[in-house]
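Let me begin by presenting the structure, written as structure tokens, before commenting on it.
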Amino acid sequence: MRYQRPKGTQDILPEEAPRWRFVERTFRDICRRFGYSEIRTPIFEETELFVRSVGEDTDIVSKEMYTFEDKGGRSLTLRAEGTAPAVRAFVEENLQGQDRERLVKLYYIAPIFRQDKPQAGRYRQHHQAGIEAIGSPEPAVDAEVIDLALSFYRALGIEGTRLLINSVGCPVCAPGYVDELRASVADSVEHMCRDCRRRYDTNPLRLLDCKEETCRRVLDNAPTMLDSLCGECAEHFAGLREHLEALDIAYEIDTRIVRGLDYYTKTAFEFRHDALGAQDSIGGGGRYDGLVEQCGGPAIPGVGLGIGIERVLLVREALGLADEEQPREGSFIVTIGDEAWLPGYRLLHDLRGAGVKAEIDYRRRSIRAQMRYADAQGYLNAVILGGDEIARGIATVRDMLSGEQEEVPLEALAEHLKGDAQE
RNA sequence: GUGGGCGUAGCUCAACGGCAGAGCACCUGACUGUGGCUCAGGUGGUUGUGGGUUCGAGUCCCAUCGCCCACCCCA
């Protein structure tokens, strides 16, 4: 019986892992610069956490969660989203401490599981690099979160990222807007697509997202959330724009940006890149001022962001961005003949003990094959041990870049090769 | 979840219903103790899987799995 990986998952092979490490390392470095600390939460949570925070009527909760029951009869769900677990931990572990206005800044790199139909750039297990800034209502923090994302993209060499922003209001103004939206569409709803007729009842904000020509025409004349914001939300949105502009961050206002998670309030934003196909969102997030309280914590605001690592890698590939060059390093021990084998094997052990990357050919093939392998594997030196060398107590060290060779006494080798790496 | 396209060597791809091939990669040798360049030779396949039609199926039909594209949704 042959087995396949589950649909929509991928193996990250040795050849690709360096690209992942590069992206992860870059993200950690940016987070460090911005003062965010890492948090790692379990890969599964109580199902209720996602249901109540993300929202029962969202696609994520209603049809995409990997939910199972454990032997104790508890309903658990594989991490469907990054924010809720971080907020849960924030509340449960009281990360804020006594200072109720302290800003807590967290980041994570974690797998996310959604049982959606796979296509290019969409997987059932994908990975998000995310941040959460919990504790401040200031729009300057929203702008910082956006700035961090753009800094990250830039550090990866990704040009051409578009930033779309919107405000989805708050519990004060959003319900009024929903009523307004319903009212403006009411007369035309029977001419709209089937999805929209359903959305009209269940989640009218999603009407704004519809791409059907007839639906769009109806929505063109509909009021926008931005026109219906309450004073506080309007002020916050203006503050966001002001701070983005202070940083020279270009943005487009797109009143159709809604985000598929119910906890968002005020700011909603998304990063897109034209190098991708239909799945062109490479990151997104927004403010969630009611979520912490809803998760059993104090009534404090928060804002966060999630970036899809797979999508970022796809953009880098589409833009033809080269992989990081791996510098040559280490020593490959080339043994010739039986008398060199055990001394070579011992040398291998000693070099590793001295911190030098080293390998040997267990197949004991020809010197030619060993040299070819050493070259292909990116070794900086070939340490050649044959009858001559053994008799004289030395090794021939060949620099694989220059081709220059020198003879080094065996006992001095580890010291000699230590710290050797390509400039 | 709906609709369409595609699954052949490690990779990229050929093969009218009639002997499963090429390039790259890999291995060996030319170079008897030295990688890259060149040349010669070689290994490598249950044609995704299971059925069916046929004298004969990589090719046609059905099913199934996976990937890709679009919708939807999202990262």
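The working numbering numbers the first residue of the first sequence as 343 and each following residue consecutively.
By construction, the Cβ of each residue, glycine as well, lies at the ideal position given by its N, Cα and C atoms.
Collapsed DSSP secondary structure at residue i in the structure displayed
i: D692; result: helix
i: G350; result: coil
i: E587; result: helix
i: K405; result: helix
i: Y345; result: coil
i: V600; result: coil
i: S493; result: helix
i: D529; result: coil
i: D521; result: helix
i: S509; result: strand
i: R375; result: helix
i: E474; result: strand
i: R793; result: No statement about residue 793 is possible, as the shown extent of the chain runs from 343 to 765 and does not include it.
i: S623; result: strand
i: V725; result: strand
i: R778; result: Residue 778 lies beyond the residue range present for the chain, which begins at 343 and ends at 765; the question has no answer from this structure.
i: E357; result: coil
i: R740; result: strand
i: P640; result: coil
i: V698; result: coil
i: V750; result: strand
i: T609; result: strand
i: I500; result: coil
i: E594; result: strand
i: R614; result: strand
i: V634; result: helix
Same chain, Cβ closer than 8 Å to residue i, five either side skipped, listed in chain order
i: T368; result: F494, A497, L498
Residues near residue i in its chain [Cβ-Cβ closer than 6 Å; skip 5 each side]
i: L547; result: V600
i: H691; result: none
i: V645; result: A475, V483, D484, V487, R629
i: E757; result: none
i: E411; result: S417
i: R583; result: none
i: L391; result: A426, R430
i: G350; result: P460, Y465, R466
i: Q699; result: This sequence places Lys at residue 699; Gln is not what is there. Correct list, in chain order: E671, G672.
Residue i classed as buried or exposed, judged by whether at least 16 other C-beta atoms fall within 10 angstroms
i: S417; result: exposed
i: I354; result: exposed
i: D604; result: buried
i: R444; result: exposed
i: Q438; result: buried
i: I651; result: buried
i: Y704; result: exposed
i: T556; result: exposed
i: R541; result: buried
i: I642; result: buried
i: D631; result: buried
i: S708; result: exposed
i: A471; result: buried
i: G415; result: exposed
i: R653; result: buried
i: K760; result: exposed
i: L684; result: exposed
Heavy atom of the ligand MG within 8 Å of residue i beta-carbon
i: Q470; result: Only the bare structure without any ligand can be found here, which leaves the ligand MG out of the picture.
Same chain, Cβ closer than 7 Å to residue i, neighbours up to 5 away in sequence not counted
i: F455; result: Y408, L420, R421, A422, R466, Q467
i: L571; result: S509, G511, C515, F579
i: V750; result: I736, A737, V739, H758
i: G713; result: Note that residue 713 corresponds to Met in the displayed sequence, not to Gly. Once the five neighbours on either side are set aside, the close Cβ partners of M713 are V676, A724.
i: V531; result: R539, Y542
Tell me the start and end of each unbroken beta strand (DSSP E) in the segment 647-696 that is at least 3 residues and wholly inside, in chain order. 673-677
Just checking, does the segment 631-641 make contact with the segment 464-471 on the three C-beta pairs under 8 Å criterion? no
So, do the segment 501-519 and the segment 558-575 have three or more beta carbon pairs nearer to each other than 8 Å? yes
Do three or more CB pairs link the segment 607-622 to the segment 502-511 at distances below 8 Å? Contact holds: three or more Cβ-Cβ distances are below 8 Å.
Which residue spans inside the segment 390-468 form an unbroken alpha helix (DSSP H) run of at least 4? 401-405, 425-434
Between the segment 708-725 and the segment 645-659, do three or more beta carbon pairs fall short of 8 Å? Counting Cβ pairs under 8 Å, fewer than three are found: no touch.
Given 8 Å, three or more beta-carbon pairs between the segment 377-385 and the segment 678-691: No contact exists between the segment 377-385 and the segment 678-691.
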